[in-house]
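Protein chains in written order, with this note's numbering: chain L, 1 to 114; chain W, 115 to 228. Below: one structure, written as structure tokens.
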């Protein structure tokens, strides 16, 4: 079945460590996104990528990095510079330009800093 | 900038009750509007959408009408079920026809009791 796969589902990190969250899609979508979800705050955009080898900062990019070397993959690295990394991270994808805004989401990765 | 405001939750209802979740938006252009639903422990799924004024989106018994004059997109269902218990997010796309940087509301948790 087509969809978005995020891994791991749960991740624990010690302070000072970098961690990488995986996001893979087989929907042949051009655009991919990373959102962060905190209780009571909805979703906030971290980074997005419209095409391979190109990505843009979202509203809360500080302390995060991404790469887009393949169309299917958009990994997110949470660096030690991110001061409050404990959150639920959601990856999404969409068709390229001309569509009406539907995003397809993965099931999320919950990161806890110990 | 563009924004979405939802009614605060949680909303607690008995089965078969009528549901309304209010959503208003601020946008400089003519956004597309969406309702997404998040079931416990999962990512978000598109519930319904409307792309222009007076459009009504509907799915699974839920409805919402794009009201440009009141900048609203309230979600309604005539008879809720326990299985509708979830978090509901209102969102807008500020670049319809382009790449979709959705702006989300904070979410409204719905709990339906038998």
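Glycine included, C-beta positions come from ideal geometry on N, C-alpha and C.
Original post:
Is residue 198 of chain W helix, strand or coil by DSSP?
Top reply: helix
Original post:
DSSP state of residue 46 of chain L, grouped into three classes?
Top reply: strand
Original post:
If you measure from the beta carbon of residue 47 of chain L to each beta carbon in chain W, is any gap under 8 Å?
Top reply: no
Subject >> Where residue 163 of chain W sits in the DSSP three-state scheme >> reply: strand
**OP:** Answer yes if the region 166 to 174 of chain W comes into contact with the region 215 to 227 of chain W, meaning at least three C-beta pairs across the two stretches below 8 Å, and no otherwise.
**Re:** no
**OP:** Tell whether a beta-carbon distance below 8 Å holds between residue 21 of chain L and residue 76 of chain L.
**Re:** yes
Subject >> Between the CA atoms of residue 203 of chain W and residue 81 of chain L - distance to the nearest angstrom >> reply: 30 Å
Original post:
What do you get for residue 98 of chain L, buried or exposed, if any count of 16 or more other CB atoms within 10 angstroms of its CB means buried?
Top reply: Confidence is the limiting factor: at residue 98 of chain L the pLDDT is only 48, short of 50, which leaves the residue's position unreliable, though a coordinate-based value still follows. The residue is exposed, with fewer than 16 neighbouring Cβ atoms inside 10 Å.
Original post:
Is the Cβ of residue 191 of chain W closer than 8 Å to any Cβ of chain L?
Top reply: no
Original post:
If you check the beta carbons only, do residue 225 of chain W and residue 124 of chain W fall under 8 Å apart?
Top reply: yes
Original post:
Counting only beta-carbon atoms, is residue 156 of chain W nearer than 8 Å to chain L?
Top reply: yes
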